[in-house]
Every structure is written in C-alpha cells, then in structure tokens.
Amino acid sequence: MSDHVFRFAPSPNGYLHLGHAFSALLNADAAAATGGRLLLRIEDIDLTRARAEFEVAIFADLAWLGMTWEEPVLRQSDRFEAYRGALAELDRLGLTYPAFLSRGEIRAAIAAFEAEGQNWPRDPDGAPLYPGTERDWPETRRRDEMASGRPYALRLDMARVLAGLAGLTWRESDPFGVEPDTAIKANLAGWGDVILARKDTPASYHLAVTVDDAFQGVTDIVRGLDLKPATGVHRLLQDLLGLPEPVYFHHRLIVDEDGRKLSKSEGSAGLKNLRKSGVMPAEIRLLLGFKRAAIAG
Ligand code: GLU
3 MSDHVFRFAP
13 SPNGYLHLGH
23 AFSALLNADA
33 AAATGGRLLL
43 RIEDIDLTRA
53 RAEFEVAIFA
63 DLAWLGMTWE
73 EPVLRQSDRF
83 EAYRGALAEL
93 DRLGLTYPAF
103 LSRGEIRAAI
113 AAFEAEGQNW
123 PRDPDGAPLY
133 PGTERDWPET
143 RRRDEMASGR
153 PYALRLDMAR
163 VLAGLAGLTW
173 RESDPFGVEP
183 DTAIKANLAG
193 WGDVILARKD
203 TPASYHLAVT
213 VDDAFQGVTD
223 IVRGLDLKPA
233 TGVHRLLQDL
243 LGLPEPVYFH
253 HRLIVDEDGR
263 KLSKSEGSAG
273 LKNLRKSGVM
283 PAEIRLLLGF
293 KRAAIAG
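With the sequence shown counted from 1, adding 2 to any position gets you our numbering.
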C-alpha cells in the first residue's frame, strides 16, 4: 500500500447525482491506481440543511456504484471542537474579527454603493465581498458587541493576512499521471474577508474542509472544478494553521443537456432514480466516460 490518501466528501443536503458519481468514482479509481486509501467524509456542518435520509441515500448509492471506503466514516458534525480550536488559533494570530452585518444589511450597503454607478467587487462564487465595517474596531468594542447577544460571524481579516504573506501556490497533480503537475497561484484578495464561522455553524466550509483533510491525513484531493478557486483559501488556512499541504486535482464538471452544472434536485440525473429505472452501475461508468466498466483494481 502506498502513502496516498484520497477522500470523497459529499454534503447530505440532497440526493447524489451523476456529478457526484463522477467525483466518487474518480477518487476510487485514483486510490486503486496508486495503491492508496479511500475515505468517505460526510460534510454535514450545515445542520439546517443536512438530513439523515440523504446520508442513508449517499451510502446506498455509493455502495451500488461499487465503491468501498474505510470505516468509521467521519462526520463533520462530530468535529465542532476541532474547528473551535482552529478558530482560536487564528484569533490568537490576530487575523479574525466578529462581523455583525446581516445578509440583508450587506445587500443594502452594496445596493447603495452600486446605485452610484460603480460595481461592488464579488468573490469567485459571485458573492459580494464583505464591507469590513468592524475590521478596525478596537478590542474593547469588539468584546462589548460580542457580549451584547447580537449575532455575528467570524471573518478572516484578509488585508492583514496579505500584509504578512509573500504569495501562495498549490500543486495540481493528476493522480493518473496523464497531465504534468502545475503550480497554481492562489487569488486571495479576490475572496476578501471570508467567513470562518457563523452564528449557527461553528465552522465555514473552508475551515472545516481544511482542518479535516489534515486531521485525516488526506494527501490527494480530487474534486470538481467548481471548487478550484476555493483552493486558494484552503491553502492559506493550511499555511496559517501549520497544516500539511495536499496536492489537488480539479476534474471537469458533469453538465446537463443545456450545458448547466447539475444541481442537487436533478431528477433524471439522480442516482437513486437511475438505479430505480434499471440502469446498471457499469452503464453509469461508461456514460461518464470511464474506459473500464468497473473500478480499477
Ligand atoms: N462537501 C462539498 C460538496 O459536497 C465537497 C467538498 C470538497 O470536496 O472539498 O460540494
């Protein structure tokens, strides 16, 4: 067995579709091809959206596809203590601040700005950058407002981070050895003051995924191209928290007939529905462009 550790990390917020199958099977094939390990992680930090029935369906659909993974499966909802520890470390470094503006208040501030004819900057996901209203509050005001009971999110002070950083890259590495490795420069300014934790969730996706990949010893992250820009933020958090640096492979996305990315509600591309309609796992693999009908052994 080699030292490679892969993981497939779905969120139980909906049923899996062909896009998830592609990602899961690529991870399984990559683990088989490199003699590495394959982990499954349930990314259920968003307790308002995660549902037990979706988690059950994830296990059933992946087993049906022929995937096997190590037990026990890590659930992010069991890891809140670890995320709190990472937040405390970032706070100790003086790189976080409590942000009190609600989504509505952020929208209003931006609408007022854009009414003057200028565009407010957006992050790579299309969300407006946070105005940073509280960034320079003195410590006493921060503490008072936090104690007042007003809800807040914790954000990364990106300007302060960038002031102490020469620039970061990550390595894109094809686990099948077809494409040459490349170094990709992280676009950090473009993300602005990313959220690290929310009122009802003790970790953002960025924080949880970074902390858990390190905790589980993941060496090779194979996931969709839609997450490629976010890798800059993950690389940064690894750097700040002193965590090891995995390599990444961002794969093409499976799209519908109109060229749109599949969504969680995709009926006809849903694995559960395909399974019910009598489609076989080998057909799914061939449909997704895999050369072999079974996971490479
Ligand atoms: N949980 C994320 C999703 O379902 C994937 C996270 C990752 O692979 O880094 O989209």
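Note that CB positions come from ideal geometry on N, CA and C, so glycine has one too.
- Pro130 sits away from Arg137, with the two beta carbons spaced by 7 Å or more.
- Shown here, Ile297 sits in coil according to DSSP, grouped into three states, outside any helix or strand.
- Taking C-alpha positions only, Val257 is separated from Ala26 by approximately 16 Å.
- Cβ atoms of Arg77 and Pro204 stay farther apart than 8 Å, at about 14 Å.
- Secondary structure of Ile47 (DSSP, three-state): coil.
- Distance between Ala188 and Ala90, taken at the CA atoms: about 24 Å.
- Of all alpha-carbon atoms in Val235, Thr171, Ala185, Tyr207, the one lying nearest the alpha-carbon of Pro12 is that of Tyr207.
- Between the alpha carbons of Lys201 and His253 lies a gap of roughly 33 Å.
- In the three-state reduction of the DSSP assignment, Leu164 falls in the helix class.
- Secondary structure of Lys230 (DSSP, three-state): coil.
- Sequence-distant Cβ neighbours of Thr98 in its own chain, meaning closer than 8 Å and more than five residues away, are Leu89, Leu92, Leu156, Arg157, Leu158, Asp159, Leu198.
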